[in-house]
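Chains as they are written, first to last, in this note's numbering: chain A, 233 to 317; chain B, 233 to 317.
Quick look at the structure:
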C-alpha cells in the first residue's frame, strides 16, 4: 500500500442558491465592500492508503460520494497531490 | 473601478487541532478507509470592485482580516484569478 496526499473541493452546484455565500456577501456589503457573486466551498486535504495511483482516484471519488459531498446538490473536484516514496 | 475575481482559502493554523477534520477522519475510518491527517478548510470565490490590481490584494487581505478569517487561529491564502476587461 502507498500513502497518497489528496485534496478535495466541494461546492454547491452553480444553479443552486448559496445561502452561506449570500450571508457573507451581505456582511461584506454592510462593511462597505463592493462585492458580488460570493460562493463558499469546503476543501479537504488528507492522506489515504491505496494500492496504486490508478486506484487512488477511484477511492477518493468513493469517499466523496459517500461522505464529503452530496451528489444531489454538490459538485466536487479531486486532486492527487503526491505520494510517499 | 475594475471588477476582479478573487479566491480565498482559510485553514486552521497547522499547530491547532482541527476538530472537524478529526470528525471526518473518524467517520471515514468507520467506513473502512485508511485515512490520516484530515484537515478541513473553507474556500471563497467572489468578485470585488477595486481601483487597480495593486490595490485589490490589499482590499482582499482586509476582507480576510475583518470577516473571512480569524488571524488568531487561521491562516489564509489569497489569489486574484482575473479581472473584467
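Backbone N, C-alpha and C fix where the C-beta goes; we use that ideal spot for every residue, glycine too.
- Around residue 272 (chain B), the same chain offers 250, 252, 253, 256 as residues with beta carbons nearer than 7 Å, after the five sequence neighbours per side are excluded.
- Only residues of its own chain outside the window of five on either side were considered, and among them 280, 282 have a CB closer than 8 Å to the CB of residue 291 (chain B), listed in chain order.
- Among the residues facing chain B, residue 279 (chain A) is included, as its CB has a counterpart in that chain under 8 Å away.
- A straight-line Cα-Cα distance of about 23 Å links residue 277 (chain B) and residue 270 (chain B).
- For the options B:243, B:244, B:288, the alpha carbon positioned closest to that of residue 233 (chain B) is the one of B:288.
- In terms of Cα proximity to residue 239 (chain B), the closest of B:264, B:258, B:248, B:275 is B:275.
- Neighbours of residue 264 (chain A) in chain B, taken as residues at a C-beta separation under 7 Å, are lacking, since the least C-beta distance is about 10 Å.
- Any Cβ of chain A closer than 8 Å to the Cβ of residue 275 (chain B) would place that residue at the interface, and such an atom is present.
- With respect to chain B, the C-beta atom of residue 298 (chain A) has a partner C-beta closer than 8 Å.
- Under the 8 Å criterion on CB atoms, residue 259 (chain A) is classed as interfacial with respect to chain B.
- Within a 10 Å sphere around the beta-carbon of residue 297 (chain B) sit fewer than 16 other beta-carbons, which makes this residue exposed.
- Within the region 245-289 of chain A, the runs of beta strand (DSSP E) that reach at least 3 residues and sit entirely inside it are, in chain order, 267-282.
- Taken through DSSP and simplified to helix, strand or coil, residue 317 (chain B) comes out as coil.
- Measuring C-alpha to C-alpha distances from residue 263 (chain B) to each of A:301, A:295, A:265, A:285 identifies A:295 as the nearest.
- Interface criterion met: the Cβ of residue 271 (chain B) is under 8 Å from a Cβ in chain A.
- When the five nearest sequence neighbours on each side are left out, the beta carbons in the same chain lying within less than 6 Å of the beta carbon of residue 309 (chain A) are those of 241, in order along the chain.
- Annotation: Cβ neighbours of residue 241 (chain B) in chain A (cutoff 9 Å, chain order): 275.
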